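Remarks on the structure that follows.
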Amino acid sequence: MVQQSDTELTAGNMNEYARYFNYLRTLADLTAMASIVAVQVIQRFRRFGEILHY
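Under numbering that gives the first Met the number 0, the residues of the sequence shown are numbered 0 to 53, in order.
If you want it as structure tokens, here you go:
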């Protein structure tokens, strides 16, 4: 009888890994979107500040 090692990839394992990687990718996408929005907001505030100075 051959014992299956814990490190061997089974179908169930692959499912968990796929879900985990999807979660990480979603997290990365959200982080990227948040940073883009933050940059846009900062630029708008700078422009608004320049308008107030004149």
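Just so you know, even glycine gets a beta-carbon here, dropped at the ideal spot from N, CA and C.
The structure presented is a predicted model; accordingly, all values stated were derived computationally and were not measured.
Residue i to residue j span [Cα, whole Å]
i	j	result
Thr31	Leu51	At residue 31 the sequence reads Ala, which differs from the Thr that was named. Looking at the two C-alpha atoms, the distance is approximately 30 Å.
Asn12	Leu23	16 Å
Leu26	Ala17	14 Å
Glu15	Asp28	20 Å
Arg43	Tyr19	36 Å
Gln39	Arg45	10 Å
Run of the alpha helix (DSSP H) containing residue i, from where it starts to where it stops
i	result
Thr30	Ala10 to His52
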